[in-house]
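Working notes, beginning with the structure itself.
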Amino acid sequence: MLSRNTNATALRRLMTEYKQLTANGSPDDMFTAGPISESDFFTWEALISGPKDTPFEGGVFAAKLTFPSDYPLSPFKMRFDPPLFHPNVYADGNVCISILHAPGDDPTMYESASERWSPVQSVEKVLLSVISMLAEPNLESGANIDCCKLYRDNREEYNRIVKASIREQLEL
Amino acid sequence: MVDLPRNIQDTDPEDFANELLRKVDNSLKCPICKAYFDAAMYSDCGHTFCAVCLRESLSVKQECPICRKPAKELSMKKNIMLEDTLILWQQARDTLLTLERLEAAKASKKRKRSASIQSIESDSNEAGPSSRPASTTVKKMKKRAESTQKTGDSTMTECPMCQNLVVEAIINQHIDGGCNPENDKKITRDSQRAKDQWSSVFGKSAKRKATPVKGETEPGTLEKLPRGSYDILKDKDLRRMLKEEGLPTDGETEAMKSRHKQWVIFWNSNVDRKFPKSRETVKEELKKWEREMASSRRKRPQVNAVEHLKHHKTDFDKLVQNVRSRKPKSSAAAPSPNEVAEPVAPPDVMSIDD
Ligand SMILES: [Zn+2]
Ligand SMILES: [Zn+2]
Ligand SMILES: [Zn+2]
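Line by line, the protein sequences are chains A and B.
Everything in the first sequence is counted per my numbering, starting at 1402 for the first residue and increasing by one.
Everything in the second sequence is counted per my numbering, starting at 4 for the first residue and increasing by one.
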């Protein structure tokens, strides 16, 4: 059961988002997302299918979404588990994408404010941005420097590594 | 089902089946908290939010959360007409939901009826063509029931099945109910109830609340608080300011700062309400807010991996299957390195797949 002190606004927002995601689904069935357990609405799992015409095509990627108690004032965190080989994903799986950065802080100094988090953004909008990021990495705010270099200098090898990891995942 | 706090159950009731009604309903909800507007306010751009939601958002970044045009707390204005509309809508909402449900029940009865007539029809002409269109049958029935009689206000008609006189308006339901007079009474009661509901939408029973109820204060008697310059304040200033507002003065500097900051947001938004709540009620809200913030800082329990997998097993299987069924194209076109990823709205994302 939920703790009595759970933030009511955040909880209602999350319930509404979950209800809408379940009712409408995602465009083209590109992802699903929902709370991992009924006892904690502030931790979700998202499953993303790799976008077509990218080396990620054919893969299904799981990520954990962690919501702060003042959601949607502050953005949630997203972490691929297992970590994903991608220029904008840290070694621990955390995703570096401007839409998940609070309007106040800009760790990279390359993001225009219009791309950042605002309380009217949502799980759906973020996941669509992440899917777009899988197709087109943002090298200016790289999280995995080796992967950035590989993507820039040796695209064939980058594609090969990504595809190999997906095959490995699906054969498990 | 998850055990929800009461205020969530209250503000998140059943949705309309009708898409347009659902859209109207959602247009009266705040884009930030997704509940009905609580003291609807807008800034220069015109986008509207709850007074609290907009103030909190502006305290993080001085821009409209939707269009990102610069916005300041001082330029916030009340959306009075929207609030009036909201009050009326909330009164009409239950009635509309009931009517929608009655309509749906009627439609499903109609479907059942035409199905049952088809089966009667095929029973009686076993040798002939097994199923004639239902409309032909209905016409034939109407002809058979031509001998109608007036009793009071209701037109009576002879039921083609049991040959009894039945109120014409309920003949369909009467046949569905197996020509049971007890059933007829219930149908009549239901349709009367539906009429009453309509009259409550338009009639005098839909009167607007005009006076504040318990726990609310007479509007126009409350004043807003200025925001403190928290960066230069000393502990003793903070304590004095909290004391002036009748708030607790315990805790570290940061705790006192955020307590006063949130109090100003809550209180000023309360003054923006059509029917402001009492000081004590707002204090209760602040107390609850502080408790929530404290409890959320404690660590959450680790999620059980097995439960987690079980929960998403079907989703996952479906997604994997879905993904596998797509034929991969012969050569995956790698995105150009000059193109920098940008978060995009849904329609643009779709173009990835093109
Ligand atoms: Zn709101
Ligand atoms: Zn705006
Ligand atoms: Zn009858």
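Built from N, CA and C at the ideal position, the CB exists for glycine as well.
Quick caveat, the model's predicted, so the values are computed rather than measured.
- Note: N175 of chain B is not bridge-paired with any residue in the DSSP secondary-structure output.
- Look at R1561 of chain A: its C-beta is not under 8 angstroms from any C-beta on chain B.
- The alpha carbon of M84 of chain B has as its nearest neighbour, out of B:R114, B:L102, B:K115, B:L31, the alpha carbon of B:L31.
- If you draw a straight line from the Cα of R96 of chain B to the Cα of L1551 of chain A, it comes to about 58 angstroms.
- For T1423 of chain A, no CB of chain B lies under 8 angstroms from its own CB, so it is not counted at the interface with that chain.
- S1566 of chain A sits in a helix when the DSSP states are folded into three classes.
- Against S60 of chain B, the close residues of chain A are L1474, P1520, in the order they occur along the chain (beta-carbon pairs closer than 7 angstroms).
- Under the three-state reduction of DSSP, F269 of chain B is assigned to helix.
- G49 of chain B counts as exposed, since fewer than 16 other beta carbons sit within 10 angstroms of its beta carbon.
- Here the segment 22-29 of chain B does not lie against the segment 1485-1500 of chain A, with fewer than 3 beta-carbon pairs under 8 angstroms apart.
- Between the segment 1421-1435 of chain A and the segment 1521-1528 of chain A, the count of C-beta pairs closer than 8 angstroms reaches three or more; the two stretches touch.
- Assigned with DSSP and collapsed to three states, E161 of chain B falls in strand.
- K75 of chain B is outside the set of residues whose beta carbon lies under 8 angstroms from a beta carbon in chain A.
- Scanning the segment 219-298 of chain B from its first residue to its last, the whole alpha helix (DSSP H) runs of 4-plus residues come out as 238-247, 256-274.
- Every alpha helix (DSSP H) stretch that sits fully inside the segment 42-67 of chain B and reaches 4 residues is listed by chain position as 54-63.
- Inter-residue distance for S232 of chain B and D28 of chain B is about 40 angstroms (C-alpha atoms, whole angstroms).
- Residue-level contact check: E287 of chain B does not touch chain A, since none of the beta carbons of chain A fall below 8 angstroms from its beta carbon.
- When DSSP states are grouped into helix, strand and coil, P1428 of chain A belongs to the helix group.
- Of the candidates A:P1456, A:L1412, A:I1437, A:P1456 places its Cα closest to the Cα of M1534 of chain A.
- For D240 of chain B and I268 of chain B, the gap between their C-alpha atoms comes out near 19 angstroms.
- Cβ neighbours of K1478 of chain A within its own chain (closer than 6 angstroms, five residues either side excluded): T1467.
- With its beta carbon at least 8 angstroms from every one in chain B, P1483 of chain A lies outside the interface.
- For I1546 of chain A, there is no enclosing beta strand (DSSP E); the enclosing alpha helix (DSSP H) has its first and last residue at 1546-1554.
- At a cut-off of 8 angstroms, the C-beta of P68 of chain B has a neighbouring C-beta in chain A.
- No Cβ of chain B is located within less than 8 angstroms of the beta carbon of R1480 of chain A.
- For C53 of chain B, same chain residues with a beta-carbon under 8 angstroms away, outside a window of 5 residues either side, are C33, I35, C36, A38, F40, D41, A42, A43, M44, S272 in chain order.
- For V169 of chain B, the uninterrupted beta strand (DSSP E) segment begins and ends at 168-170.
- Looking at the backbone, the Cα of R104 of chain B and that of S62 of chain B are separated by about 44 angstroms.
- Taking the Cα positions, R58 of chain B is about 6 angstroms away from E76 of chain B.
- With 16 or more other CB atoms across the displayed protein chains lying within 10 angstroms of its CB, N1545 of chain A is buried.
- If you measure from each CB to the nearest heavy atom of ligand 1, the residues under 5 angstroms come out as B:C33, B:I35, B:C36, B:C53, B:C56.
- Under the Cβ criterion of 8 angstroms, N1408 of chain A is counted among the residues facing chain B.
- Between M296 of chain B and S1470 of chain A, the CB-CB gap stays under 8 angstroms.
- Interface criterion met: the Cβ of M296 of chain B is under 8 angstroms from a Cβ in chain A.
- Taking a beta-carbon distance threshold of 8 angstroms, S1470 of chain A counts as an interface residue toward chain B.
- If you draw a straight line from the Cα of A107 of chain B to the Cα of P1520 of chain A, it is about 37 angstroms long.
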